[in-house]
Structure formats: C-alpha cells, structure tokens
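57 is the number of the first residue of the sequence shown in my numbering; add one for each residue after it.
Even for Gly, the Cβ is constructed at its ideal location relative to N, Cα and C.
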Amino acid sequence: MQNDFLQLAATAGQTYQDVVNATSSAMEQLVDLLSAAAKSAVETFLDIIIPSAYGEEISPATATSFAAASIYVTPVRRDPLVLDLDGDGIETLPINTTTPLMFDLDNTGVKKSVGWIKSDDGFVVLDRNANGTIDSGAELFGDATPLSGGGTAADGFAALAQFDTNLDGQMTAADSAFANLRVWRDLNQNGLSEAGELSTLTSLNITSINVAASSHTITVSNGNLITDQGSYTWGDGTVGTAGEIANSADVQLATDPFHTTFTTPLTLTAQALTLPDMNGSGQVRSLREAISSNSTLATLVTQFTQATTSADRRALLDNILKEWSNTSTMGTTFTGAYAGHTLTVDIQGTTSGTAEYQAWADKLTILEHFNGRTFNTVPAGTAPVTVTLLSGAQPLLQQSYDAIKDSVYGALVVQAQLKPYLDVITLNVTATEWQSTSRHWKTLSAARQRPMQ
57 MQNDFLQLAA TAGQTYQDVV NATSSAMEQL VDLLSAAAKS AVETFLDIII PSAYGEEISP
117 ATATSFAAAS IYVTPVRRDP LVLDLDGDGI ETLPINTTTP LMFDLDNTGV KKSVGWIKSD
177 DGFVVLDRNA NGTIDSGAEL FGDATPLSGG GTAADGFAAL AQFDTNLDGQ MTAADSAFAN
237 LRVWRDLNQN GLSEAGELST LTSLNITSIN VAASSHTITV SNGNLITDQG SYTWGDGTVG
297 TAGEIANSAD VQLATDPFHT TFTTPLTLTA QALTLPDMNG SGQVRSLREA ISSNSTLATL
357 VTQFTQATTS ADRRALLDNI LKEWSNTSTM GTTFTGAYAG HTLTVDIQGT TSGTAEYQAW
417 ADKLTILEHF NGRTFNTVPA GTAPVTVTLL SGAQPLLQQS YDAIKDSVYG ALVVQAQLKP
477 YLDVITLNVT ATEWQSTSRH WKTLSAARQR PMQ
C-alpha cells in the first residue's frame, strides 16, 4: 500500500502535491468516520474530490483577462418582450457568475449565462414547436424571433406586430394568435419553463397588448437595459405605467458568452469514452464531444495520457488547444467573422507572414472560440476594418491563453495520470487494511507542506 502512494508521488510530481493539499483535510475527517464500508466510500470520495482538486471547467481567468484586453467591445444583450404583472415596475436580475442561469436567448443552439427577470414579471412567449416548453429566444418575442417574411425581428414589439392580423395596433382576441400566446413566469428562476409557469393571456385577465412602443432606454445597474416601452390592458380597462417603466417593455438582458452549454449533445465515440473529459466554454463543446468529431484531437489526447513526463505532456498542450478550438464552428477574426469587410489585423510588434504573427493569430482564434466572441465587436455594413492587438493588451491575452492551458493540463493530468493510481489503491482497500491506509494518508497529510522534488 505504501509503495502505491510512493509510486503515485513519483509519477505525478507537483500535481500529486496539489491534490494532496486539496484533499488531505477532508480525508482526515473521512478516516475517522469510515469502517466496514471503507472501500466503496473512498471510491465515491475520490470521484468527488479529484474534480474539485483540479476542476473540470475552463478557468474563469480565461474570460476576465480576455475582457480586460478587449477595448472595442459592445456588451452583448438580447431583448425579449416582458410584462410587468404586479405594478411595481419590470425588475431584472444580473448575471449570476456563481450559479449561472442558462438560456438560449439568441436561438443558436447554445445556452449562455444571462441576466433575467424576477419571477413576479413575465415573458410574452409562443410555443412554436408545440412541445410544451419554451426552448429558446425564437419562442420569446425579441430580436431572435423569426419573421414570416424571413429574417428576425428588430425587437420584441416588431416581433409581436406581425401577429396583429387586423392591423389595429394591438394584440387582442380578434387576432388568431392571441389564444396561443402565453406569459412565462419563471417562478423558480432556473431558466426552464415548467408546469405551472405558462399562463394564457385570458387567465391573467389581459385583454390586449399594444404592438407600438416608444423608445425610452433605462440603464439598470445590474448590466441589463430596459428599452422600447409600451403597455397592455387588463380586463377592467386599466392601462398605465409603473413609475418610469411601462407595463410592457423590451428588456435587453445581459449575456455572458463564456459560460455556455450546448442544447444538443453529440454522440460520443467509443474511443472518446476511454479518454479524459472536461467541459468546454464559449463556442467550444466538451472535450469528449470534440474528440468524437476530430481524429487529430483524439490522437493528441491519447498521446497525453501515454506521456511519462510533465515536459512531454505540456509539449502537447498547444496542439490540443488548437485542435479542440478547431471543432468550433464560430467565425473568428481570422476565420470569417468579418466576411464582407476588407480586414486588416495589426499585431503590434510583429510582421504579417512571420511565425510570430501566425502564433498570435492561432492564439487569438483559440481565445475567441473559448470566450465565445470576437476580440472586437464586428460592425454592421461592409466598411474596411482594422483590428489591432496593442502591445499593452498582448500580456493580458497571454494570461487568458495560459489560463486555458493550465486548467486543461490540470484536468487531464488528474484523469490520465493520478486517477489510475488512486483506483489501484482504493480497489485494494479492505476493512482490515483500512487502518494501514489511514496511517499512510495521514503521513502524506503531515508532509503536505514539504515541497515535492
């Protein structure tokens, strides 16, 4: 048993030290609690603490450093139509960075962390595919709502206006779509429309919603905007506004393109199931999903699992990140995001066509994919565009890139190099051996402040 721990330490080096530091206190408590069920409990425990020690997420520092380097970026917001149902004004919630609320506001098949509305107000919605749930911004009324003539609406009021079939400027029972409209109150604030959260307009005693609006932008301190205010009518004829905020309004909800989940998972290959996994970010799928669609990535990750030194594993990281990034379909600065514009990319301190320039181009592409957005906001129209990577921004971009590398290395090395040893150790633990195992772990815990050589 002790030899197993020593072999683990020799193989993993500093990574082993980090895992011991992250888990020793919890293990010491566990030692005092376990008895006959030691083996199964340890295995469960390790399944929990190995991800928590190194994580299975791309480091948030990837996004913060990338944002700090970007100076020409317009905050991304989407604008669904919202009703103030209780007369106290439309109230919104900021993006929750700790427990993100995820929703596909822009109907791209990718849920993003978003700002939201409080549960006492409601989205106007239409279940277009009749599956009983509201799946994306296409089923809200906003700038992702499809128009019957093609394209998407400019805002929530324009999206609703296409259903005003008698052209009287309001949605009423005289319009055929009125009966199919719903108001969604997200009562438990989880971004999922569930039983009891969808109500007909009639059940709420709403008789009409005006499809015309006046522009009136209100900046909310939590990152959201309230624009294009309007009104609706209750069954008793009441119409009006609540303070500065109308009964109805386009609410431009903040979106975080870094924290994302894809709505449709990919089928994993048999090979992918044998290799390490971790979540993607931005417009990049999970590692196993990416491996399933990219044979070169599968080969590189296999080589990582088979490498015997930290230097060999780290030498593979740049290519792993490049191939993982290449599985994203998002256009980037160097891969089509500026289609229609004549584009110049000035990377200060480098010359186009050199290896140094190409290295930065590759890094920027990877960073844009993992952050879910281009470095600069792509303008409308076709005017020529120059994107400049200022020399002062380059260290921040390097920090963002290093954050991806470190988080990927940590997640992969734990799964590829440490977990097999820990599995061997725990599979050999029996009730009679547990005290010996406990002593070995406590010895490691006591030594955890000593640097690993």
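Integer-rounded CB distance, given that Ala467 should sit under 8 Å from Pro332: That pair is a contact at about 7 Å.
Assigned secondary structure, Leu281 (DSSP; H/G/I helix, E/B strand, else coil): Note: Leu281 maps to strand in three-state DSSP.
Helix, strand or coil at Val166 according to DSSP, with G and I counted as helix: Residue state, collapsed to three classes: strand.
For Ile14, the three-state DSSP class (helix, strand or coil): Given a span of 57 to 509 for the chain in the structure shown, any question on residue 14 remains unanswerable.
Within 9 Å, strictly: CB atoms of Asn236 and Asp183: Against a cut-off of 9 Å, the Cβ pair of Asp183 and Asn236 comes out as a contact.
C-alpha gap between Ala124 and Asn427, whole angstroms: Roughly 12 Å between the two C-alpha positions.
Backbone secondary structure at Arg184 - three-state DSSP: Coil.
Alpha carbon of Phe390 to alpha carbon of Asp176, nearest angstrom: One C-alpha to the other measures close to 44 Å.
Rounded separation between Val276 and Ala305 - CA only: Computed Cα separation, rounded: 13 Å.
Whole-angstrom distance between Asn432 and Gly392, CA atom to CA atom: In a straight line, the C-alpha of Gly392 is about 13 Å away from that of Asn432.
Contact check, Ala268 vs Gly225, beta carbons under 9 Å: Cβ atoms of Ala268 and Gly225: closer than 9 Å.
Three CB pairs or more closer than 8 Å across the stretch 375-384 and the stretch 346-359: Touching, yes.
Integer-rounded CB distance, given that Arg134 should sit under 8 Å from Gly198: Yes, Gly198 and Arg134 are in contact; Cβ-Cβ is about 6 Å, under 8 Å.
Of the listed residues Thr208, Tyr457 and His397, nearest to Ala436 (C-alpha basis): Considering only alpha carbons, the answer is His397.
Spatial distance of Ser115 from Leu474 (CA atoms): Rounded to whole angstroms, the gap between the alpha carbons of Ser115 and Leu474 is 20 Å.
Exposure of Leu161, with buried meaning 16 or more beta-carbon neighbours within 10 Å: Its Cβ being crowded by 16 or more others within 10 Å, Leu161 is buried.
For Thr317 and Met158, believed in contact at Cβ under 8 Å, the rounded distance: About 6 Å separates the two Cβ atoms, so the contact holds.
Neighbour-count burial assignment, Ile151, 16 or more Cβ in a 10 Å radius: Its Cβ being crowded by 16 or more others within 10 Å, Ile151 is buried.
Extent of the continuous alpha helix (DSSP H) run through Gln473: For Gln473, there is no enclosing alpha helix (DSSP H), since its DSSP letter is neither H nor E.
Rounded separation between Asp292 and Arg241 - CA only: If you take the alpha carbons of Asp292 and Arg241, they lie about 22 Å apart.
C-beta contact flag for Asn163 and Ala119 at 9 Å: Not a contact, by the Cβ cut-off of 9 Å.
Val434 versus Leu423 - alpha carbon distance: C-alpha separation (whole angstroms): 16 Å.
Outcome for Asn303 when other beta-carbon atoms lying within 10 angstroms are tallied against a minimum of 16: Asn303 is classed as buried because its beta carbon has at least 16 other beta carbons within 10 Å across all chains shown.
Counterpart residues of Ser255 in DSSP-defined beta bridges: Paired residue(s): Val239.
Whole-angstrom distance between Met334 and Arg341, CA atom to CA atom: The C-alpha of Met334 is placed about 9 Å away from the C-alpha of Arg341.
Separation of Leu248 from Ala326, as counted between CA atoms: Each residue's alpha carbon lies about 32 Å from the other.
Ile282 beta carbon less than 9 Å from that of Val180: It is not a contact, given that the beta carbons lie outside the stated cut-off.
Alpha helix (DSSP H) segment containing His351, residue limits: Rather than His, the amino acid found at residue 351 in this sequence is Ser. Element bounds for Ser351: Ser351 to Gln362.
Inter-residue spacing [alpha-carbon to alpha-carbon] between Gly338 and Thr385: Each residue's Cα considered, the two are about 11 Å apart.
Neighbourhood of Asn222 by C-beta distance below 6 Å, restricted to the same chain and skipping five residues each side: Only Ala230 meet the Cβ criterion.
Integer Cβ distance of Phe213 from Leu137, believed to fall under 8 Å: Phe213 to Leu137, Cβ: 7 Å. Contact.
Span of the beta strand (DSSP E), counted from its first residue to its last, around Tyr288: Taken as a continuous stretch (DSSP letters only), the beta strand (DSSP E) holding Tyr288 covers Tyr288 to Trp290.
Proximity to Ala354 [Cα-Cα], best of Leu373, Ala328 and Asp374: Looking only at Leu373, Ala328 and Asp374, the smallest Cα-Cα distance to Ala354 is reached by Ala328.
Inside the stretch 414-462 only - alpha helix (DSSP H) runs reaching at least 4 residues: Runs of the alpha helix (DSSP H) lying entirely within the stretch 414-462 and spanning at least 4 residues: none are present.
Strand pairing of Pro202, partner residues [DSSP]: Per DSSP, Thr208.
Neighbourhood of Ser510 by C-beta distance below 6 Å, restricted to the same chain and skipping five residues each side: Outside the shown range of the chain, which is 57 to 509, sits residue 510, and nothing can be said about it.
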